[in-house]
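Student:
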Ligand SMILES: Nc1ncnc2c1ncn2[C@@H]1O[C@H](COP(=O)(O)OP(=O)(O)O)[C@@H](O)[C@H]1O
Ligand SMILES: [Mg+2]
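Numbering (my numbering), first residue to last: 185 to 753.
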């Protein structure tokens, strides 16, 4: 199958096929029951033959039991099938998201990815369940029931058929009106979900900026819109029932009226008429469930499309066909690099950058916020790919290496870094799975994280809450640095990663990085010029361009921006 959503049925294929079969059998058994009623009435009650009543009664019981058992197992397998599909889908979507580059994540947005993994997959699961249990069973049952009525009385079944057609036309009209509304409501729902996501993740920020009121208000609008949408469709849905009832009454009246004439003319029995009325009722019920499931299926199209979109997205950063696995040295070179975010459009945030960092150098990067310092360093580890030119590590374009080789060699520590729920040790081993205790404690010492860890009750086994919320900002930053050091990188990039530390601690860390790791190329973005005075070279960025590149002594003489930053006039 082509559709990547259906591809996830995988090991549940059998239950996917079995469910409709079970449901169809249960439907056929159910539709046979009214036929038995006619026999009970005509052969039993009217003829005064109790044996016949018991005989047909037993058959009816068997049919009813059969209906029940097949439906029971049908629902069981459908639950297995639909929840299995959902599990596979979640796994596939999750795996896909792991392969996404930063640019892909920018494109979808994190909130939307969460909605797609959770709400949309749940929608698909419910729809699969409905489709499996009623989409095949109901039409077969309706057609079979209609056929059985013709064996009772051809002309009457013709009347019934007309009633069914009228109802079907009317209900499809309702579907045509409600489905677009449903789709719109679900779109709004999505927006609402997005807002919740964004706000709950950022609740601390919202609170610290005392924005609770504004945020609640901005939540009100999509919430109200969802409510109104649901009311609108429910109103239309509410029409369904009365319409069904009226149609049913008309059918009853018509059938009884004509049927009574047939009976008095001796062309039809009382039992046949009773059976007929039963069928009319059964058929109408079937149709109305079918209509509801139609609405549900159409409403879930959007969910299908959204999940599919994730699954078919090719990660924008791909490995070369024959990736190089080993990196010669720790040099970094920017060769006429230009870069802009997003696909097409937009302005260059980096413009024609040419730079060389020798292996083992300590490079400081300074510049105003928005001068593209982060954008520059993100290109080294391929968090983003260049738009023009090339970034070289060890003399080769980074795009030629395998991702494993790059991530092995380069460690990046961001200002806002993420810790995961688990012990301190677990988090350190994110750096490298097989890192031993000694390596980890050495990395912590270099990152000045050892003292605060030793003070914790459980030391390295201290539990860290999701996002590291039970640590201070400075502790988090030191732990993130230690985690990067555990990896023993050849190129270490700190993007404003020590901002929450005091000057003295930062200086101590930088000093130990410089003396203890002479072979590692260290690239440090910082707001504090003082902390990188003794870097081998300092890069001054300005509006996406290199404004100056040299030692502290050079720059203090020649570079205006640098002099400003140092407070020298
Ligand atoms: N993910 C992104 N998508 C689009 N534009 C971005 C993104 N990240 C940064 N930018 C833009 O790129 C420019 C440089 O940002 P950045 O590299 O973060 O600067 P710095 O790190 O020096 O503060 C800014 O104009 C910013 O708005
Ligand atoms: Mg930045």
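In this text, a Cβ means the ideal position worked out from N, Cα and C, and glycines have one as well.
List the whole-angstrom C-beta distance separating residue 677 from residue 577, where the pair is believed to meet the contact cut-off of C-beta under 8 Å.
Tutor: With 8 Å as the limit, residue 677 and residue 577 do not qualify as a contact, their Cβ atoms being about 11 Å apart.
Student: Given residue 656, which residues of its chain have a CB within under 6 Å of its CB, disregarding the five upstream and five downstream residues?
Tutor: Around residue 656: no qualifying Cβ.
Student: Residues near ligand 1, CB to any non-hydrogen atom under 6 Å, in chain order?
Tutor: With the cut-off at 6 Å, the residues found are 290, 525, 533, 551, 553, 554, 555, 556, 557, 558 and 559.
Student: Please report the residue range of the beta strand (DSSP E) in which residue 741 lies.
Tutor: Not the beta strand (DSSP E): residue 741 falls in the alpha helix (DSSP H), residues 736–742.
Student: Within its chain, find whatever has a CB closer than 8 Å to the CB of residue 234; leave out the 5 residues flanking it on each side and keep chain order.
Tutor: Result list for residue 234: 228, in chain order.
Student: So, residue 263 versus residue 200, is the Cβ gap smaller than 7 Å?
Tutor: Their beta carbons are not under 7 Å apart, which means residue 263 does not touch residue 200 by this criterion.
Student: Determine whether the beta carbon atoms of residue 195 and residue 269 lie at a separation below 7 Å.
Tutor: No; because the gap between Cβ atoms is not below 7 Å, this pair is not in contact.
Student: Could you spell out the range, first to last residue, of the alpha helix (DSSP H) harbouring residue 398?
Tutor: 396–448 is the span of the alpha helix (DSSP H), which, as asked, contains residue 398.
Student: Under three-state DSSP, which class holds residue 563?
Tutor: Here residue 563 sits in coil by DSSP.
Student: Quick check for students: name the residue ranges of the alpha helix (DSSP H) that lie wholly in the stretch 453–526, counting only runs of 4 or more.
Tutor: Counting whole runs of 4 or more residues, the stretch 453–526 contains the alpha helix (DSSP H) stretches 454–483 and 485–496.
Student: Give me the Cα-Cα distance between residue 562 and residue 508, rounded to the nearest whole angstrom.
Tutor: Roughly 20 Å separates the two Cα atoms.
Student: Do the CB positions of residue 543 and residue 284 come within less than 7 Å of each other?
Tutor: Contact: no.
Student: Please check the pair residue 734 and residue 555, which I expect to be a contact at CB under 8 Å, by giving their CB distance rounded to whole angstroms.
Tutor: With a Cβ gap of about 17 Å, residue 734 and residue 555 do not count as contacting.
Student: With residue 575 as the anchor, note down where its beta strand (DSSP E) starts and where it stops.
Tutor: 572–577 is the extent of the beta strand (DSSP E) around residue 575.
Student: Do residue 754 and residue 211 have their C-beta atoms within less than 7 Å of each other?
Tutor: For the chain, the structure presents residues 185 to 753; residue 754 sits outside this window and is missing.
Student: Who are residue 540's beta bridge partners in DSSP?
Tutor: Paired residues: 517.
Student: Which residue from 476, 586, 571 and 424 puts its Cα closest to that of residue 506?
Tutor: Among 476, 586, 571 and 424, the Cα nearest to that of residue 506 is on 586.
Student: To the nearest angstrom, how far is the alpha carbon of residue 737 from that of residue 731?
Tutor: Near 16 Å, if we compare the C-alpha coordinates of residue 731 and residue 737.
Student: Mark residue 695 as exposed unless 16 or more other C-beta atoms lie within 10 angstroms of its C-beta, in which case mark it buried.
Tutor: Exposed.
Student: If you follow the alpha helix (DSSP H) that residue 691 is in, where does it begin and where does it stop?
Tutor: Start and end: 687–700.
Student: Alpha carbon to alpha carbon, how far is residue 187 from residue 313? Give it in angstroms, no decimals.
Tutor: Spanning the two alpha carbons is a distance of roughly 18 Å.
Student: Is residue 618 buried or exposed, if buried means 16 or more other CB atoms sit within 10 Å of its CB?
Tutor: So residue 618 ends up on the exposed side.
Student: How do the stretch 644–656 and the stretch 703–712 stand: do at least 3 beta-carbon pairs fall below 8 Å, yes or no?
Tutor: Result no; under three Cβ-Cβ pairs closer than 8 Å.
Student: Alpha carbon to alpha carbon, how far is residue 420 from residue 292? Give it in angstroms, no decimals.
Tutor: Their backbone Cα atoms lie some 34 Å apart in a straight line.
Student: Identify the continuous alpha helix (DSSP H) that holds residue 234 and give its terminal residues.
Tutor: Residues 234–283.
Student: Where does residue 318 land, buried or exposed, given buried means 16+ other C-beta within 10 angstroms?
Tutor: So residue 318 ends up on the buried side.
Student: How would you write the range of the alpha helix (DSSP H) that residue 288 sits in, first residue to last?
Tutor: From DSSP, the alpha helix (DSSP H) with residue 288 extends over 286–292.
Student: Is residue 189 closer than 7 Å to residue 492 when the C-beta atoms are compared?
Tutor: Their beta carbons are under 7 Å apart, which means residue 492 touches residue 189 by this criterion.
Student: What number of angstroms, rounded off, separates the C-alpha of residue 778 from the C-alpha of residue 685?
Tutor: Missing from the structure shown is residue 778; the chain here goes from 185 to 753 and no further.
Student: Starting from residue 602, trace the beta strand (DSSP E) both ways and give me its first and last residue.
Tutor: Premise fails: residue 602 is in no beta strand (DSSP E) and is neither H nor E.
Student: Does residue 553 come out as helix, strand or coil in the three-state DSSP assignment?
Tutor: Coil, per DSSP.
Student: Please look up how many angstroms separate the CB atoms of residue 564 and residue 723, rounded, as I've assumed it's under 8 Å.
Tutor: Not quite, the Cβ-Cβ distance comes to about 13 Å (not below 8 Å), so this is no contact.
Student: If residue 679 sits next to residue 597, beta carbons under 8 Å apart, how far is it from one beta carbon to the other, in whole angstroms?
Tutor: About 7 Å separates the two Cβ atoms, so the contact holds.
Student: Is residue 522 near ligand 4, judged by its Cβ being under 6 Å from some heavy atom?
Tutor: Ligands displayed in this structure: ligand 1 and ligand 2; ligand 4 is not among them.
Student: Could you pull out every unbroken alpha helix (DSSP H) segment of at least 4 residues lying fully inside the stretch 204–234, listed in chain order?
Tutor: Runs found: none.
Student: Per DSSP, what kind of secondary structure is residue 314 in: helix, strand or coil?
Tutor: Residue state, collapsed to three classes: helix.
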